[in-house]
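Enquirer: Using the working numbering, the first residue of the sequence shown is number 111, and each one after it goes up by one. Structure below; questions to follow.
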Amino acid sequence: MELSSRRDAAVRAVVARRLLTDDHPLVALLDLRAVEEAARALHAAFGAVLAPGGRPVLHAFAVKAASLVPVLRLLNGLGLGCEVAGPGELALARAAGVAPGRIVLDSPAKTPSELREALALGIALNADNPQELARLDDLLATRPAPPGPVGLRINPQLGGGSIDAMSTATVTSKFGVPLQDPGARAWILAAFRDRPWLTRLHCHVGSQGMALERMAAGVRVTYELAEEINAAAGRRQVDTLDIGGGLPVNFASDAVTPSFADYARLLRDAVPGLFDGRYGLVTEFGRALLAKAGTIVARVEYTKSAGGRPIAVTHAGAQVAVRTVFVPESWPLRVAVYDAEGRPGTGPRVRQDVAGPCCFAGDLVARDRPLPRLAPGDLVALLDTGAYYFSTPFGYNALPRPGVYGCADDGAGGSAFSTLRRPQTTAELIAEYGGPPAGKGGYP
Ligand SMILES: *Cc1c(COP(=O)(O)O)cnc(C)c1O
């Protein structure tokens with residue numbers, strides 16, 4: 111079954127199992143086969159361009175894209191590690207059973223305790239700036255060499271993509287050491303010369319909205335810097351390149367474009383030395399692995415009309431689609447319509463707004479969108495929401511976190527669900543907002 115047919119079957123099953131209730135009129139689904147296929151496609155794409163006998167690539171999933179322990183466990187089982195940016199994500203990766211040697215720590219604001227913990231566990235870390243390197247000098251003064259690899263993040267300063275907030279390689283980006291600033295290259299060469307334990311270079315040029323050519327150019331600049339460092343050292347001091355993530359996702363159809371294979375081939379052409387086996391490689395893809403597997407399904411509560419514009423008031427808004435609501439021009443989502451039984455909506459298309467439940471006027475997930483006319487009890491589905499949507503909630507109006515369910519083929523043309531995150535209970539919600547913990551004189 112194609113992804114779209116599996117999605118339709120899953121929405122039918124959501125209705126049949128009564129997963130949508132008054133308490134939880136919103137659920138999130140993750141198509142487990144799509145996740146598996148994406149992971150396999152990633153392994154195959156890099157496998158195809160790597161020199162035979164080359165070192166295996168560590169594909170570290172960017173945890174922020176889907177920070178749910180069962181998802182990390184699933185990906186770990188599919189041969190992926192984790193890229194984490196802070197103690198919370200590190201704890202999630204460890205709770206998922208990901209081995210320290212398959213975790214990379216990249217936060218720009220690592221505290222001394224985080225650095226100490228990463229060093230103690232042998233987790234690879236990429237220092238962001240000169241002050242962080244100085245901290246590492248102090249922490250390492252008492253031991254001979256860090257047990258895990260330590261790298262330095264550079265910003266190739268190649269410019270941004272179509273979404274400013276996703277562009278990490280602008281001239282003034284907050285990430286990494288700005289390579290083209292006066293004196294920076296010489297400083298980096300000296301930093302490596304003085305620290306034999308510094309063995310990696312890291313770059314992540316940007317996320318959604320970045321042209322593949324610019325991403326590849328960032329990797330090329332990183333590779334060339336590694337060659338220069340190694341030539342100066344007279345040995346292969348930089349032994350691994352961490353080339354970041356950022357493959358953009360097509361939010362306009364079910365087609366996977368660009369593919370991991372497209373990007374791997376482009377990298378091979380732009381930076382042939384990357385794959386000749388001399389360097390270990392780390393990647394940090396997030397969105398491209400999970401986005402297309404995810405669907406948010408919400409009930410339409412009411413429909414109305416204002417100033418001639420039909421409006422469907424649903425339960426999916428900023429609490430699960432924060433970027434789409436606040437920056438709609440950069441993060442448009444496809445909306446699919448189903449009837450109350452979960453059958454795909456038919457009927458003539460009418461321009462309408464699809465609103466969320468939050469109490470502010472901008473809480474719309476689609477504006478003036480031609481869709482079959484919605485009625486109360488119908489369902490709307492927000493497609494391609496497997497990364498950075500339900501797993502990155504926005505706390506507003508004390509709306510509870512929706513349940514997240516993995517869906518698989520049940521072998522009889524239907525869907526089998528597994529719980530990836532239970533829907534948040536009112537007692538948990540009260541505790542989260544400063545009330546007494548559940549069962550301790552709080553809400554029963
Ligand atoms: C966010 C991030 C990623 C993942 O980006 P995607 O666009 O989800 O692939 C990888 N590396 C770093 C350092 C990041 O900040």
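For every residue, glycine included, the Cβ atom is placed at its ideal position computed from N, Cα and C.
1. Which complete beta strand (DSSP E) runs does the region 173 to 245 hold, if anything under 3 residues is left out?
2. Quickly, what does DSSP pair residue 525 with across the bridge? List them, please.
3. Measuring CB to CB, does residue 206 end up less than 8 Å from residue 182?
4. Which runs of the alpha helix (DSSP H), 4 residues or longer, sit entirely within the region 243 to 278?
5. Could you check the C-alpha separation between residue 336 and residue 297 for me, to the nearest Å?
6. With a threshold of 8 Å on Cβ separation, who are the neighbours of residue 321 within its own chain once the five nearest residues in sequence on each side are excluded?
7. Give a single yes or no on whether residue 175 has its beta carbon closer than 7 Å to a heavy atom of ligand 1.
8. Tell me whether the beta-carbon of residue 311 lies closer than 8 Å to the beta-carbon of residue 351.
9. Just reading off the alpha helix (DSSP H) that residue 418 is part of, what are its end residues?
10. Closer than 5 Å is what we want: which residues have a beta carbon that near any heavy atom of ligand 1? List them in chain order.
11. With a CB to CB cut of under 8 Å and the five nearest residues on each side skipped, what residues in its chain are close to residue 199?
12. First and last residue of the beta strand (DSSP E) that includes residue 138?
13. May I ask you to list the residues that DSSP assigns as paired with residue 289?
14. In whole angstroms, give me the CA-to-CA distance for residue 221 and residue 228.
15. Check whether the Cβ of residue 493 lies closer than 7 Å to any heavy atom of ligand 3, and answer yes or no.
16. Could you give the residue range of the alpha helix (DSSP H) that holds residue 328?
17. Between the beta-carbon of residue 456 and the beta-carbon of residue 117, is there less than 8 Å?
18. May I ask you to report which of helix, strand or coil DSSP gives residue 406?
19. Give the list of continuous beta strand (DSSP E) stretches no shorter than 3 residues that lie fully inside the region 288 to 319.
20. Does the region 381 to 393 come close enough to the region 340 to 358 that 3 or more CB-CB pairs lie under 8 Å?
21. Taking all protein chains shown into account, do 16 or more other C-beta atoms lie within 10 angstroms of the C-beta of residue 114, making it buried, or fewer, making it exposed?
22. For the alpha helix (DSSP H) that residue 117 lies in, which residues bound it at each end?
23. Reducing DSSP to helix, strand and coil, say where residue 157 ends up.
24. Taking the C-alpha atoms as reference points, what is the distance between residue 367 and residue 548?
25. With DSSP run on the structure shown, which of helix, strand or coil describes residue 482?
26. Compute the distance between the beta-carbons of residue 438 and residue 459, then report whether it is under 8 Å.
27. Less than 8 Å between the C-beta atoms of residue 435 and residue 488, yes or no?
Expert: Concretely, from the data shown:
1. Runs of the beta strand (DSSP E) spanning 3 or more residues and lying entirely within the region 173 to 245 occur at 191 to 194, 213 to 215, 234 to 237, in chain order.
2. Answer is 519.
3. The Cβ atoms of residue 206 and residue 182 lie closer than 8 Å to each other.
4. For the region 243 to 278, not a single whole alpha helix (DSSP H) run of length 4 or above is found.
5. A direct Cα-to-Cα measurement between residue 336 and residue 297 gives close to 14 Å.
6. Sequence-distant Cβ neighbours of residue 321 in its own chain, meaning closer than 8 Å and more than five residues away, are 271.
7. Yes, Cβ of residue 175 sits closer than 7 Å to a heavy atom of ligand 1.
8. Yes, the pair counts as a contact, with Cβ atoms nearer than the cut-off.
9. Bounds of any alpha helix (DSSP H) do not take in residue 418, whose DSSP letter is neither H nor E.
10. Qualifying residues, in the order they occur: 172, 175, 216, 314, 317, 354, 355, 356, 394, 395, 396, 397.
11. Close CB contacts of residue 199 within its chain, under the 8 Å cut and outside five residues either way in sequence, are with 173, 174, 177, 192 (chain order).
12. Note, residue 138: beta strand (DSSP E), 136 to 141.
13. Answer by DSSP bridge pairing: none, since residue 289 is not bridged.
14. Residue 221 and residue 228: Cα-Cα distance of roughly 11 Å.
15. The model depicted lacks ligand 3 and carries ligand 1 instead.
16. Note, residue 328: alpha helix (DSSP H), 322 to 343.
17. It is not a contact, given that the beta carbons lie outside the stated cut-off.
18. Residue 406 sits in a strand when the DSSP states are folded into three classes.
19. Segments of the beta strand (DSSP E) lying fully in the region 288 to 319: 308 to 312.
20. Result yes; three or more Cβ-Cβ pairs closer than 8 Å.
21. Residue 114 is exposed by the Cβ-count criterion.
22. 113 to 126 is the extent of the alpha helix (DSSP H) around residue 117.
23. DSSP, read as helix, strand or coil, puts residue 157 in helix.
24. Whole-angstrom Cα-Cα distance: 46 Å.
25. Residue 482 carries a strand assignment under DSSP once its states are collapsed to helix, strand and coil.
26. Not closer than 8 Å, so no.
27. Taking 8 Å as the cut-off, the beta carbon of residue 435 is found no closer than this to the beta carbon of residue 488.
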